[in-house]
Amino acid sequence: MPCPGIVIKVAQKVQIANYVLSMSHHLCTGWTTALIHGNRVALTSDRQEETVPSISKQIRALIVATPTLWAHPLLLPNILLKNYMNRAEVFAWTLDDQVVGLEDSIGVTFSGRLRRDVSTAPQNIELPNRSDMRKLTMRTHTVLTEIIFFSRVVTFNRDCAAYLLKTGDEMSHRIPPQRRASLFHASRELQGTAKYMEFSSTSMQGLASNLKERVLSQIQVLYSISAQTDNRLSARIAVSSGRDSTAMKTLAFITAFFLPGTYIATLFSMGMFEWQASLSSPSSSTTSSSSVLSSKFWIYWATTIPLTIAVIVSWRLWWVREDQAYTAQLAGEMDGMVAKDDGPNYMLHERDLAWLRRDTSH
């Protein structure tokens, strides 16, 4: 009678396991010949985690604990898959702790709610600064990569459990009649174990999807924080530009105020105007200078004051018309800005918005 053979290679993940089972089973005698080889299979201790027994110890413990199943051809495949799933479950909770730590480091999500009192949650959340953004981004994508590899492990567990169920049904028809009675209870137990591992893999797949969604959510948070930081920096630059604009407007006002007077004074000082002609005596060769102020000095003010008012009013009308377009664009953005002063993480404060509002209202 031919000896059916099975070769199973688990999904490679160093933190979980990486081994191969190659076996054959003699249907008449019930003898199983198998070879298990892979990374760290024969080690006496697990280097990755001292609290977790080595792979060889775990496999031997499962074999010793099931003496009534030794004669069944699918015992070793079920044991290896069970061992692989147990180690994958430990790795899953390690990933969950990493995701919780990541959420806590970013500071937006109140992570670990069952481990902490909600009343002790920080009221003012300090967002990471630019120096931490690079490290958090690298850490987040590293955890996401681990979760993607773990999803492949979970898919293998589910497919392998389904394969063992199918193989068990086929094997039950190939076992000799004289052995079917003795292997009946073993077959039912191993079939139940395979179904449990299949359902457990489906549940673990949901956990992997949940972890992936949480990490992707944190990546979006990092992108949002980076965008907010850039927006606050742009608003800060806009505030500085607004202050410079105020200074320039002040200088322009002063220039406009004194320009007409300066112009008129320069114009009247030209040679075409003889302001001292009326003070000259016909009988004297010298000009009388007893009067310090000319009687026609009013002409200077009568010309300068209206001209100054006209220049300032014209400048003001031009500025208001040009500023209306800028005010309309900035008003919507100012309403959405954060006006709270919550510490160094917020670069735009109330005093800055006051500058912006003052600039746009003048």
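Take 1 as the starting number for the sequence shown in my numbering and just add one per residue.
All residues carry an ideal CB built from backbone N, CA and C; glycine is no exception.
C-alpha gap between residue i and residue j, whole angstroms
i, j, result
"Tyr-19", "Asn-210", "28 Å"
"Lys-340", "Thr-142", "For Lys-340, the predicted model reports a pLDDT of 41, less than 50, meaning its position is unreliable and no value from the coordinates is stated."
"Leu-35", "Thr-167", "19 Å"
"Ser-201", "Glu-189", "18 Å"
"Ser-245", "Gly-101", "47 Å"
"Ser-22", "Gly-5", "8 Å"
"Lys-9", "Ser-217", "34 Å"
"Gly-37", "Ser-224", "Gly is not the amino acid found at residue 37; the sequence shown has His there. Each residue's alpha carbon lies about 48 Å from the other."
"Tyr-300", "Ala-256", "17 Å"
"Phe-150", "Lys-57", "23 Å"
"Ser-54", "Val-14", "13 Å"
"Arg-179", "His-72", "10 Å"
"Ile-106", "His-185", "53 Å"
"Ala-162", "Met-171", "14 Å"
"Gly-304", "Ile-264", "The question names Gly, but residue 304 is Thr in the sequence shown. About 6 Å."
"Ser-203", "Ala-92", "12 Å"
"Met-248", "Arg-214", "50 Å"
"Thr-286", "Leu-267", "Residue placement at Thr-286 is poorly supported in this model, since its pLDDT is 49, which falls under 50; the coordinates still yield a value, given next. So the alpha carbons of these two residues sit roughly 26 Å apart."
"Gln-324", "Ser-314", "16 Å"
"Val-64", "Asn-78", "14 Å"
"Lys-296", "Thr-262", "18 Å"
"Asp-104", "Ala-238", "33 Å"
"Asn-231", "Val-108", "19 Å"
"Ala-252", "Gln-228", "35 Å"
"Ser-187", "Arg-60", "21 Å"
"Ser-192", "Val-90", "The question names Ser, but residue 192 is Gly in the sequence shown. Rounded to the nearest angstrom, the two C-alpha atoms are 22 Å apart."
"Trp-298", "Trp-318", "30 Å"
"Ala-302", "Ala-235", "47 Å"
"His-173", "Pro-67", "23 Å"
"Ser-269", "Thr-308", "19 Å"
"Ala-88", "Arg-152", "11 Å"
"Val-41", "Leu-233", "55 Å"
"Ser-24", "Phe-199", "27 Å"
"Ala-7", "Asp-169", "A quick correction: the sequence has Val, not Ala, at residue 7. Taking the straight line joining both Cα atoms gives about 18 Å."
Heavy atom of the ligand FAD within 7 Å of residue i beta-carbon
i, result
"Arg-174", "For the structure depicted, the ligand FAD is absent and the ligand set is empty, with no information on it obtainable."
Pair within 8 Å by beta-carbon distance, residue i and residue j
i, j, result
"Val-320", "Leu-259", "no"
"Thr-140", "Leu-207", "no"
"Leu-76", "Thr-32", "yes"
"Val-154", "Gln-98", "no"
"Leu-62", "Asn-83", "yes"
"Lys-195", "Leu-165", "yes"
"Ile-175", "Leu-27", "yes"
"Met-133", "Ser-226", "yes"
"Leu-95", "Ile-16", "no"
CA nearest to the CA of residue i, picked from the options
i, options, result
"Met-197", "Asn-157, Ala-252 and Arg-214", "Asn-157"
"Ile-254", "Lys-195, Asn-231 and Arg-316", "Arg-316"
"Thr-29", "Cys-160, Gln-12 and Ser-182", "Ser-182"
"Lys-212", "Glu-89, Thr-145, Gln-228 and Arg-87", "Thr-145"
"Asn-39", "Arg-60, Ile-59, His-25 and Gln-12", "Gln-12"
"Met-138", "Ile-219, Gln-191 and Ala-252", "Ile-219"
"Met-85", "His-25, Thr-66, Asp-159 and Ser-24", "Asp-159"
Identified DSSP bridge partners for residue i
i, result
"Gly-38", "Tyr-19"
"Ser-24", "Gly-5 and Thr-33"
"Lys-13", "Ala-17"
Residue i: first and last residue of the uninterrupted alpha helix (DSSP H) it sits in
i, result
"Ile-106", "75-106"
"Ala-61", "55-64"
"Gln-178", "177-180"
Residue range of the beta strand (DSSP E) that includes residue i
i, result
"Val-7", "5-9"
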